[in-house]
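One structure below.
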Amino acid sequence: MTTRQRDWEAVVDLIERVLADDDLLPAVVAAVRSHVEESATLPVSDITGHTRVLLTAAGRAVAGRRAPTEAELIVVEQLAVNRSRQGIPIDVVLGSVRISERAIWARTRELAEEAGIAADSLLDARELYDDWADAVRTRLIRAHREAPRTRDVWDRDAEAVRRLLEGGSAAALTAAERGFAAGAGLWVLVTRSGDTASAAAVQRLADGNGPGLAATVGDAVVAVVPGPPVLRPGGTSPVVGIAGPVAAEELGVAHRLAVAVVPAADATGLSGAVHIGDVAPIAALISRPDLAEALTLRHREARRELGSAAEAVARTVRAWLEADRDTAAVARALYVHENTVRNRVQRFATVTGIDPHRTFGAVSAWWLCHAWTADS
């Protein structure tokens with residue numbers, strides 16, 4: 001075997017290590033959610049699933065020194081079509097890919113240094129990846145451009161809604177133009193787009209509140225209304241995040257808060273109309289993926305020590321905390337013995353050093369377990 005062949009085998013081993021890195025995927029997803037505002041209302045599982053597929057496909061292509069297969073490109077097309085239907089522009093999609101690439105290659109370089117892989121071998125791998133990525137981007141752009149788009153009643157006020165969500169003087173002028181009373185408090189409603197139930201939920205909440213405006217903005221249906229919506233959390237209706245009342249100049253801030261409600265409600269099992277004030281602590285936690293990443297990295301060894309039991313332990317601890325530490329209720333919900341619940345909670349506390357019985361320990365424990373289970 002030649003030296004060049006041995007060097008390439010080391011690169012292939014490196015690629016396998018990157019693909020097997022349990023901490024890489026959550027870090028990549030956290031980076032995307034932190035830097036791309038349009039991804040905030042997308043389920044973590046959505047971003048994670050597509051990122052995992054692209055990461056695996058890229059790794060296999062580089063290891064095999066080949067271009068993307070047609071099967072891989074079909075998956076890329078499906079991603080482009082989904083994002084197009086969600087109203088996410090192609091530049092945002094490509095930006096998310098670039099953020100993922102930076103995070104992945106930063107980790108690859110770290111592992112390459114640890115393994116003593118020569119810089120020229122790593123450069124060969126990067127050039128192969130770039131060739132693969134160029135083909136993927138070309139297919140992404142074409143599929144996104146050709147994807148069928150549907151316009152509905154939510155598009156009619158899109159430009160006015162966007163100006164309102166800018167906040168500041170632009171929002172104040174638009175509010176005046178659209179007949180909102182000067183000084184009146186305004187409310188922002190947000191839900192995921194893509195199904196009639198979500199749009200209908202927003203419309204029901206906005207009805208009777210005067211001349212509201214609504215539009216599809218990115219991957220969400222957004223409404224701005226001049227009166228308080230009727231809050232009826234619960235049931236099986238889609239989550240509608242609500243923030244307000246605020247002055248027109250503050251609508252940009254209210255929009256960000258309403259967007260943050262959606263994943264926070266998902267995390268706590270709420271549905272229907274949910275005000276930011278009802279989920280403020282959870283929204284504050286999960287809207288900071290940079291801190292979540294720091295927390296998971298801090299306890300990376302603990303997760304490795306738990307091994308295959310990590311997911312079961314995390315789900316049990318999270319359920320136990322969300323049930324106000326009711327061991328019997330959690331045991332019934334998970335179909336396990338009460339001692340199993342106690343043992344998993346104790347195991348978590350032992351390996352992480354976090355005491356979930358204490359106030360701030362419980363917050364850290366819930367957040368860490370949420371991060372561990374978010375992509376499953």
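Per UniProt numbering, the sequence shown starts with residue 1, numbered consecutively.
Backbone N, C-alpha and C fix where the C-beta goes; we use that ideal spot for every residue, glycine too.
Please name the residue, chosen from the options, that lies closest to residue i on a Cα-to-Cα basis.
| i | options | result |
| --- | --- | --- |
| Phe348 | Pro89, Arg303, Val274 | Arg303 |
| Thr373 | Gly244, Asp326, Asp23 | Asp23 |
| Val222 | Pro229, Pro228, Leu213 | Leu213 |
| Leu291 | Arg33, Thr56, Ile15 | Arg33 |
| Leu186 | Ser84, Ala172, Val225 | Val225 |
| Ala72 | His357, Trp132, Pro289 | According to the sequence as given, residue 72 is Glu; it is not Ala. Closest by alpha carbon: Trp132. |
| Pro228 | Ile88, Gln346, Val188 | Val188 |
| Val81 | Thr48, Val259, Arg145, Gly353 | Arg145 |
| Leu122 | Arg318, Arg107, Ala135, Val136 | Arg107 |
| Glu311 | Ala171, Arg344, Ala30, Ser237 | Arg344 |
| Asp266 | Val239, His255, Pro245, Ile88 | Val239 |
| Trp105 | Leu94, Arg315, Asp130 | Asp130 |
| Val259 | Ile276, Arg137, Arg6 | Ile276 |
| Val313 | Val336, Leu270, Ala170 | Val336 |
| Ile47 | Arg298, Arg126, Gly64, Pro263 | Pro263 |
| Gln269 | Glu293, Pro245, Ala143, Ser237 | Inspection of the sequence shows that residue 269 is occupied by Gly rather than by Gln. Among Glu293, Pro245, Ala143, Ser237, the Cα nearest to that of Gly269 is on Ser237. |
| Ser100 | Ala30, Ala331, Ile74 | Ala30 |
| Val217 | Ala103, Ala20, Val190, Glu301 | Val190 |
| Asp219 | Gly241, Arg83, Arg142 | Arg83 |
List the endpoints of the continuous beta strand (DSSP E) containing residue i.
| i | result |
| --- | --- |
| Ala223 | 220–225 |
| Thr216 | 213–217 |
List the endpoints of the continuous alpha helix (DSSP H) containing residue i.
| i | result |
| --- | --- |
| residue 377 | The first residue shown for the chain is 1 and the last is 376, placing residue 377 beyond what the model contains. |
| Val274 | Looking at the DSSP string, Val274 is not in any alpha helix (DSSP H); the run it does join, the beta strand (DSSP E), is 273–275. |
| Ala119 | 119–146 |
| Thr69 | Careful: Thr69 lies outside any alpha helix (DSSP H) and carries neither H nor E. |
| Ala184 | From DSSP, Ala184 is part of no alpha helix (DSSP H); its letter is neither H nor E. |
| Pro281 | 280–286 |
| Ala170 | 168–177 |
| Ala302 | 300–306 |
| Gly95 | 90–115 |
In the DSSP assignment, what are the bridge partners of residue i?
| i | result |
| --- | --- |
| Ser241 | Reading the sequence as shown, one finds Gly at residue 241 and not Ser. The partner list for Gly241 (beta bridge, DSSP) reads Val190, Val274. |
| Val246 | Leu186 |
Indicate, with yes or no, if the ligand FAD has a heavy atom lying under 6 Å from the CB of residue i.
| i | result |
| --- | --- |
| Ala63 | By its list of ligands, the structure shown contains no ligand whatsoever, and the ligand FAD lies outside what it can speak to. |
(message) Using 8 Å as the cut-off, can you tell me whether the region 265–284 makes contact with the region 329–348, which would need three or more C-beta pairs spanning the two stretches below that distance?
(response) no
(message) Could you tell me which whole alpha helix (DSSP H) segments of length 4 or greater appear in the UniProt domain "PucR C-terminal helix-turn-helix" (315–370)?
(response) 327–334, 338–352
(request) Decide yes or no for the touch test of the region 59–73 against the region 106–117: beta carbon pairs closer than 8 Å, at least 3 of them. (result) no
(message) Within 8 Å, do at least three Cβ pairs link the region 165–180 to the region 246–257?
(response) yes
(message) I'd like to know if the region 346–364 and the region 313–330 are in contact, where contact means that at least 3 CB-CB pairs between them fall below 8 Å.
(response) yes
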